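See below for the structure under consideration.
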Amino acid sequence: MARKRKGDPVHGWLAIDKPLGLGSTQVVSRVKRILNAAKVGHGGTLDPLASGVLPIALGEATKTVQYVMDGAKTYRFQVRWGEATASCDKEGEVTETSPNRPTEEAIHAAIPAFLGEIDQIPPAFSAIKIDGQRAYDLARAGEEVEIKPRRIAIHSLALLGRPDEDHADFEVHCGKGTYVRSLARDLALALGTVGHVSVLRRVACGPFTEQNAISLESLEDLSQVPAPWTFLLPIETALDDIPALALTESEARRLQSGNPVAVMHVVSRHPQAELAEGTLCRAMQAERLVALVRIESGEIRPVRVMNLTDE
1482 MARKRKGDPV
1492 HGWLAIDKPL
1502 GLGSTQVVSR
1512 VKRILNAAKV
1522 GHGGTLDPLA
1532 SGVLPIALGE
1542 ATKTVQYVMD
1552 GAKTYRFQVR
1562 WGEATASCDK
1572 EGEVTETSPN
1582 RPTEEAIHAA
1592 IPAFLGEIDQ
1602 IPPAFSAIKI
1612 DGQRAYDLAR
1622 AGEEVEIKPR
1632 RIAIHSLALL
1642 GRPDEDHADF
1652 EVHCGKGTYV
1662 RSLARDLALA
1672 LGTVGHVSVL
1682 RRVACGPFTE
1692 QNAISLESLE
1702 DLSQVPAPWT
1712 FLLPIETALD
1722 DIPALALTES
1732 EARRLQSGNP
1742 VAVMHVVSRH
1752 PQAELAEGTL
1762 CRAMQAERLV
1772 ALVRIESGEI
1782 RPVRVMNLTD
1792 E
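Numbering (this note's numbering), first residue to last: 1482 to 1792.
Here's what the structure looks like:
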């Protein structure tokens, strides 16, 4: 007999404005306790030294986490010029110093080299696995960490201001796998100095932004009244970029049973849709997300079926 999951069946997304000092898993635990939710996960790790938007998946929304993880993100960050650290942030030991401070003109001139698809070497203090071990564990043990470059995408990078000679504020819109700490390190080197990230805040993660986020403290304060549910976003929020297909009730039942539906029966309701082979879609029945599906061999086949009945 299957063991009954503890907690309530809550389904949807929350955008939590994560405070400094808490790790992503700690935030997940807090949300789980506050809402008494049976199943909770997160869509994109934020280090304890970073604040900002942390998408939290509840219930069936956990089946869509990868689509948030793969999405674009926007960060605001501050670079401290003249000091390199082992972790590329202010927590690490200073490993090198430089008296050089870049001018505003030099910064603007250096930015274009970091736009588009570029190769980036992640920091030694990162969660990347090397021979089965986390890079940060090896680095903390004093071992030499060699990480291969990764191809990333920087969609935009802008200088926001210079509070003083030692600091500069930036905003970056980037793709999956980008390390802002590495970006700061490499930008400083390109400018003839060294540097590290002194402040880091994520202002958007896919469709989740500061505007639809709520702090843990506010969520805690509202937990005794129906108000927290006004911040609960639909599961399909994470699937904004994926085309939707409208299904009949009988088609929805077939998909939920794991059976395919013929494309020809659905395509007439979507004359403008480009349902090419391999296209990923979200199957909707009225306002309800039924499944994530893929077009294969003239059929709509379920990839991830949503079970949104109260358990």
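Ideal Cβ placement from N, Cα and C applies to all residues, glycine included.
These numbers come from a predicted model, not from an experiment.
_Suppose contacts are defined by Cβ-Cβ distances below 8 Å. Is Asn1740 in contact with Leu1714 by that definition?_
In the sequence shown, the residue the question calls residue 1740 occupies position 259. In the sequence shown, the residue the question calls residue 1714 occupies position 233. No, they are not a contact pair.
*For Pro1630, count neighbouring Cβ atoms within 10 angstroms of its own Cβ and tell me buried if that reaches 16, exposed if not.*
Indexing the sequence shown from 1 puts residue 1630 at position 149. So Pro1630 ends up on the exposed side.
_Sequence-distant residues of its chain with Cβ nearer than 7 Å to Leu1773 (five each side left out)_ = Position 292 of the sequence shown holds residue 1773. Cβ contact annotation for Leu1773 (same chain, cutoff 7 Å, sequence separation greater than five): Leu1761, Arg1763, Val1784 and Arg1785, in chain order.
_Please classify Gly1642 as buried or exposed, where buried requires at least 16 neighbouring CB atoms within 10 angstroms._
Along the sequence shown, read from residue 1 onward, the residue named residue 1642 stands at position 161. With fewer than 16 other Cβ atoms inside 10 Å of its own Cβ, Gly1642 counts as exposed.
*Assuming Leu1664 contacts Ala1591 (C-beta within less than 8 Å), just tell me the rounded distance between them.*
Counting from one through the sequence shown, the residue named residue 1664 turns up at place 183. Counting from one through the sequence shown, the residue named residue 1591 turns up at place 110. The pair is not a contact, with the Cβ atoms about 12 Å apart (cut-off 8 Å).
*Would you decide whether Ser1510 is buried or exposed? Buried here means 16 or more other CB atoms lie within 10 Å of its CB.*
If you number the sequence shown from 1, residue 1510 lands on position 29. Of the residues assessed, Ser1510 falls on the exposed side of the cut-off, its CB having fewer than 16 other CB atoms within 10 angstroms.
*For the putative contact between Ile1776 and Gly1759, defined by C-beta atoms under 8 Å, what is the C-beta separation to the nearest angstrom?*
If you number the sequence shown from 1, residue 1776 lands on position 295. If you number the sequence shown from 1, residue 1759 lands on position 278. Confirmed, about 7 Å.
*Could you tell me which residues DSSP pairs with Gly1573 in its beta bridges?*
Counting from 1 along the sequence shown, the entry for residue 1573 is found at position 92. For Gly1573, which the question treats as bridged, DSSP gives no partner whatsoever.
*For Gly1779, which option in Asn1788, Met1765, Leu1756 and Leu1789 has the closest C-alpha, if you only look at C-alpha atoms?*
The residue you call residue 1779 lines up with position 298 of the sequence shown. With distances taken between Cα atoms, Gly1779 lies closest to Leu1756.
*Sorted by chain position, which residues of the same chain lie with C-beta nearer than 6 Å to Thr1659's C-beta, five sequence neighbours on each side aside?*
In the sequence shown, the residue the question calls residue 1659 occupies position 178. Closer than 6 Å at the Cβ level, and outside the excluded window around Thr1659, lie Ile1633.
*Which residue or residues does DSSP assign as beta-bridge partners of Pro1783?*
Along the sequence shown, read from residue 1 onward, the residue named residue 1783 stands at position 302. By DSSP's assignment, Pro1783 forms a beta bridge with Val1774.
_Reduced DSSP secondary structure (H/G/I, E/B, other) of Pro1644_ = In the sequence shown, the residue the question calls residue 1644 occupies position 163. In the three-state reduction of the DSSP assignment, Pro1644 falls in the strand class, which pools E and B.
_Local Cβ density within 10 Å of Leu1596, reported as buried at 16 or more and exposed below that_ = The residue labelled residue 1596 in the question sits at position 115 within the sequence shown. Leu1596 counts as exposed, since fewer than 16 other beta carbons sit within 10 angstroms of its beta carbon.
_Secondary structure of Glu1732, DSSP reduced to three states_ = Locating residue 1732 in the sequence shown gives position 251, where the first residue counts as 1. Under the three-state reduction of DSSP, Glu1732 is assigned to helix.
*What did DSSP end up calling Ser1738 once you bin it into helix, strand or coil?*
Along the sequence shown, one-based indexing puts residue 1738 at 257. Here Ser1738 sits in coil by DSSP.
*Return helix, strand or coil for Ser1510, following the three-state DSSP convention.*
For this step, residue 1510 is matched to residue 29 along the sequence shown. Correct three-state label for Ser1510: helix.
*Where does His1746 sit, in a helix, a strand or coil, going by DSSP?*
Mapped onto the sequence shown, residue 1746 falls at position 265. DSSP places His1746 in helix when its eight states are reduced to three.
*Between the beta-carbon of Thr1793 and the beta-carbon of Ala1567, is there less than 8 Å?*
The requested residue 1793 does not occur in the structure, where the chain is confined to residues 1482 to 1792.
_Residues in the same chain with beta-carbon distance under 6 Å from Val1653, minus the five sequence neighbours each way, listed in chain order, please._
Along the sequence shown, read from residue 1 onward, the residue named residue 1653 stands at position 172. Closer than 6 Å at Cβ, skipping near neighbours: Tyr1556 and Leu1638.
*Do three or more CB pairs link the stretch 1726-1735 to the stretch 1531-1544 at distances below 8 Å?*
Judged by Cβ distances under 8 Å, the stretch 1726-1735 makes no contact with the stretch 1531-1544, as fewer than three pairs qualify.
*Identify, in the order they occur along the chain, each residue of the same chain with its Cβ nearer than 8 Å to the Cβ of Gly1573, setting aside the five sequence neighbours on each side.*
Position 92 of the sequence shown holds residue 1573. Excluding residues within five positions, the ones whose Cβ falls inside 8 Å are Thr1566, Ala1567, Phe1606 and His1677.
*On a CA-only basis, which of Leu1501, Lys1513 and Gly1522 is nearest Leu1530? Give me that one, please.*
Here residue 1530 refers to the residue found at position 49 of the sequence shown. That would be Leu1501, whose Cα lies nearest to the Cα of Leu1530.
*Would you identify the three-state DSSP class for Asp1551, choosing helix, strand or coil?*
In the sequence shown, the residue the question calls residue 1551 occupies position 70. In the three-state scheme derived from DSSP, where H, G and I count as helix and E and B as strand, Asp1551 is classed as coil.
*Alpha carbon of Gly1522 to alpha carbon of Ala1587, nearest angstrom*: Indexing the sequence shown from 1 puts residue 1522 at position 41. Indexing the sequence shown from 1 puts residue 1587 at position 106. When only Cα atoms are considered, Gly1522 and Ala1587 end up about 42 Å apart.
*Taking the alpha carbon of Arg1582 as the point to measure from, which residue in Cys1569, Asp1645 and Ile1537 has its own alpha carbon closest?*
As a position in the sequence shown, residue 1582 is number 101, starting the count at 1. Here the closest residue by C-alpha is Asp1645.
*Could you say which of Glu1768, Met1787 and Thr1718 lies nearest to Arg1735 if we only look at CA atoms?*
By one-based count along the sequence shown, residue 1735 stands at place 254. Residue Met1787 is the option with its Cα nearest to Arg1735.
*Please classify Leu1495: does DSSP put it in a helix, a strand, or coil?*
Counting from one through the sequence shown, the residue named residue 1495 turns up at place 14. If DSSP states are grouped into helix, strand and coil, Leu1495 belongs with the strands.
_My output table needs one value for Val1675: the three-state DSSP class, helix, strand or coil._
Locating residue 1675 in the sequence shown gives position 194, where the first residue counts as 1. Coil, per DSSP.
*Roughly how many angstroms separate the alpha carbons of Pro1490 and Val1744, rounded to a whole number?*
Walking along the sequence shown from the start, residue 1490 turns up at place 9. Walking along the sequence shown from the start, residue 1744 turns up at place 263. The alpha-carbon atoms of Pro1490 and Val1744 are separated by roughly 33 Å.
_Here's the rule I'm using: 16 or more other beta-carbon atoms within 10 Å means buried, otherwise exposed. How should Glu1564 be labelled?_
Here residue 1564 is taken as the residue at index 83 of the sequence shown, counted from 1. It counts as buried.
*Whole-angstrom distance between Val1684 and Gln1547, CA atom to CA atom*: Here residue 1547 refers to the residue found at position 66 of the sequence shown. Here residue 1684 refers to the residue found at position 203 of the sequence shown. When rounded, the distance between both Cα atoms is 19 Å.
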